[in-house]
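Have a look at the structure below before the remarks.
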Amino acid sequence: MAAFTRQRSAVRLNAAFRTRATCICPSSRRHFLSWFRKPAPPPRPEHVPLLTQDNLFHPFSESPFPMLRARGEAIKKIAPCPVCTTAQEQGHPHVELKNVAFECPDCGWPTHCSEEHWKQDEEHEKYCTRLRESNEDEHDLRSGRRMVEFELPGPQPYEEAISFSNWDVFWYTRGFMSMDTERSRRLASKLLSYPITIGGALHQFSPLMLSNQRLTPEGSRSMAALRTTLHVPLGAPETGEAQVGKPQVRIFILGARAESSLPVHVWEQLCLLFPAAQLHIFFIGPQVSLPKPDTPPPPPQFEPPTPPPNATPEAAPSSDAASQLNTTPPTSDTALQTSTTTPPVPASPLPPLTHAEKMKQIQDTHAEKVKELQNRTEYLPNVYKPPPPVDISREKYTRNAINRYGVPSYTTPYTKELTVTGMRTNYIDVHHHFSETLDPYSDAFFFFSPGFGFPSENSFAEDGVTPLPQIASPTEWGPVLPAILESKCPVFVTGFSPADVERDVRSLSEAPDVAGQFEWVVMPGPNTFSSEKWEISDFDPRVMIKANWGIWAIRGRSKDIQERSMLDGLLPWRQ
Ligand SMILES: [Zn+2]
Ligand SMILES: [Zn+2]
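Mapping of the sequence shown onto the working numbering: position 35 corresponds to residue 50, and the numbering continues sequentially without gaps.
Quick look at the structure:
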């Protein structure tokens with residue numbers, strides 16, 4: 016049986032490589048082996064996009080979308096012209112430093128102060144293609160086309176293994192719609208980078224392995240401990256029944272920003288990689304998104320029931336179906352956390368929605384969201400310290416959790432397998448809620464681009480002028496890492512570029528309570544599940560990053576190792 020499964024997966028993997036290599040990509044790519052996996056989704060009326068695929072390029076000032084016009088204006092206010100900057104740095108007299116105002120006709124971004132400086136700049140060529148790509152991506156996102164790359168698959172059939180070697184085989188083995196264009200790949204990788212970076216790091220088939228020298232022997236022991244809770248013993252079926260009796264796996268995402276505003280059904284994709292586990296995701300940080308305020312629905316108005324003439328039993332209660340989304344009752348643990356602002360709605364006798372129905376509802380609301388995005392007028396520049404992202408939508412069982420944690424917070428038991436909690440506060444202020452129960456068998460920490468090595472704004476070295484790195488600053492990460500290292504739970508960190516990763520790793524040695532107190536779990540290097548979409552900085556459009564470009568991990572140094580090494584020095588026969 017196991018051999019058969021392996022063989023079958025191998026066939027599908029080969030098929031994945033073949034498809035990509037020869038680029039025979041039919042628009043719905045499933046081949047006959049997959050016919051037995053999932054029923055084909057019912058045909059849906061095609062959206063009429065506002066912009067067609069051959070009309071995605073627009074200079075920012077002429078964009079049909081007000082938010083992109085506002086972005087162009089925001090850049091003009093903060094980004095200096097690169098040619099003026101160079102001239103000033105070279106000490107040319109009488110050079111006035113001007114901001115960008117002229118839009119490059121090839122990429123549509125405001126890139127120079129004038130056409131003259133744009134013509135002079137030979138460096139711009141290096142950036143122009145990526146800027147153009149990004150311009151088209153931004154317009155495509157708002158175009159209103161059907162985004163097949165955002166149509167996410169349901170539960171994984173238990174006999175089909177997921178491969179984590181790269182995005183392509185992951186999407187293929189996980190049953191995603193076909194990613195036919197580079198643009199689809201960029202947008203899908205951006206949407207999924209946060210949950211799948213976590214999944215790819217923790218899963219038993221992780222691409223971070225001893226054999227490719229990313230995982231260390233110590234790290235291998237750490238991951239083995241966590242995987243006993245995430246997976247089943249070798250040979251046992253990896254199904255929901257195996258969740259019984261196991262603790263929830265808690266994933267703490269500290270300093271969370273944009274990732275806390277991802278819709279919960281995107282985070283569910285992380286959960287679906289571990290059918291035998293229950294996950295509790297905690298977003299903790301001063302920039303965590305909180306749910307929109309809870310407004311009670313208007314009192315229902317009485318209307319005499321007028322059934323349509325040809326009403327069929329399954330077509331009738333569509334609004335009931337909407338209220339059926341997430342009818343899974345909260346787990347006992349999360350029920351405790353509630354300070355009920357909305358009393359739980361009694362479970363209706365109707366069966367829970369299938370994944371396909373759930374996805375359809377999500378897509379219906381997606382159409383509204385695209386409309387909202389198309390009409391949004393305000394744009395907040397992505398400068399060094401962005402404000403908290405917009406409020407997220409309130410799920411059915413979302414509860415205020417301020418009574419439990421004493422800070423602005425919420426908890427959403429989304430399904431039996433997934434609970435999400437968000438807290439808008441510094442982690443150190445809530446550490447005492449967890450410090451007693453942290454366990455390397457069930458808990459892991461993630462920092463997405465935490466800026467450990469960035470200079471602090473508030474804390475300075477003894478000379479009073481040199482800023483401390485944030486990892487050593489008492490008001491930023493200073494007290495956090497030592498507290499977590501004590502728990503021996505693995506701590507994963509991502510960075511948005513090679514330089515960002517290097518800066519953070521170097522800073523480990525500058526924090527007195529961190530240096531010498533940790534062991535490597537994953538050596539620093541590229542992340543298989545980084546976003547492939549370039550993010551452009553508004554303060555300088557030449558600065559481009561990819562979210563989660565790199566990944567590494569550490570954990571607190573084990574006591575027994577420290578003691579043994581102490582003995583090593585004292586006992587001559589041990590040397
Ligand atoms: Zn200039
Ligand atoms: Zn250009």
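Note that the Cβ used here is the ideal one computed from N, Cα and C, for glycine as well.
Item: When A498, V385 and Q378 are compared against F449, the one with the closest alpha-carbon; Value: A498
Item: For S424, the residue or residues it bridges with in DSSP; Value: M438
Item: Bounding residues of the beta strand (DSSP E) (the contiguous stretch that carries E534); Value: F533 to P541
Item: W567, DSSP secondary structure in three states; Value: strand
Item: Residue from F469, V480 and T509 with nearest C-alpha to H493; Value: Note that residue 493 corresponds to Gly in the displayed sequence, not to His. Nearest of F469, V480 and T509 to G493, Cα basis: F469.
Item: Where Q485 falls, given that 16 or more other Cβ within 10 Å makes a residue buried; Value: buried
Item: Nearest candidate by alpha-carbon position, reference E283, set E130, S464, E432 and P248; Value: E432
Item: Under the three-state DSSP convention, the category H295 falls into; Value: strand
Item: Assigned exposure category for G571 - 16 Cβ within 10 Å defines buried; Value: buried
Item: K113 CB to nearest heavy atom of ligand 3 below 7 Å; Value: Looking for ligand 3 in the displayed structure turns up nothing; the ligands present are ligand 1 and ligand 2.
Item: Where F165 sits in the DSSP three-state scheme; Value: helix
Item: Nonlocal neighbours in the same chain, by C-beta distance under 6 Å from P262, ignoring five residues either side; Value: S457
Item: Backbone CA spacing between A362 and D553 [nearest angstrom]; Value: Any reading at A362 is ruled out, since the residue's pLDDT is 40, under 50, leaving its predicted position unreliable.
Item: Start and end residues, beta strand (DSSP E) containing S471; Value: P470 to F475
Item: Exposure label - H295; buried when at least 16 CB within 10 Å; Value: buried
Item: Alpha-carbon to alpha-carbon, S226 and V405; Value: 42 Å
Item: Close-in-space but distant-in-sequence residues of the same chain around S180 (CB under 7 Å, 5 per side omitted); Value: P222
Item: Rounded straight-line distance, which links the Cα of M438 to that of S488; Value: 21 Å
Item: Assigned secondary structure, D155 (DSSP; H/G/I helix, E/B strand, else coil); Value: helix
Item: Cut-off 6 Å between Cβ atoms - residues of its own chain near E491, not counting five sequence neighbours on either side; Value: S471 and Q485
Item: L287 and P170 closer than 8 Å at C-beta; Value: yes
Item: Rounded separation between P278 and H446 - CA only; Value: 26 Å
Item: CA nearest to the CA of W124, picked from A240, R145, N542 and T481; Value: R145
Item: Alpha-carbon to alpha-carbon, T126 and F655; Value: Because the chain is modelled from 16 through 590, residue 655 falls outside the range shown and cannot be assessed.
Item: Length of the line joining the Cα atoms of W535 and T369; Value: 43 Å
Item: Beta-carbon spacing of T413, Y394 below 8 Å; Value: no
Item: Nearest-angstrom Cα separation, counted from G479 out to H132; Value: 40 Å
Item: Sub-8 Å separation of A154 and H73 beta-carbons; Value: Reading off the sequence, residue 154 comes out as His, not Ala. Cβ atoms of H154 and H73: closer than 8 Å.
Item: heavy atom of ligand 1 below 7 Å from C99 C-beta; Value: yes
Item: Other residues of its chain near V516: CB distance less than 6 Å, five sequence neighbours each side excluded; Value: G510, P539 and G565
Item: Exposure label - M591; buried when at least 16 CB within 10 Å; Value: Any property of residue 591 remains undetermined from this structure, which presents the chain solely from 16 to 590.
Item: Close-in-space but distant-in-sequence residues of the same chain around T440 (CB under 6 Å, 5 per side omitted); Value: V422
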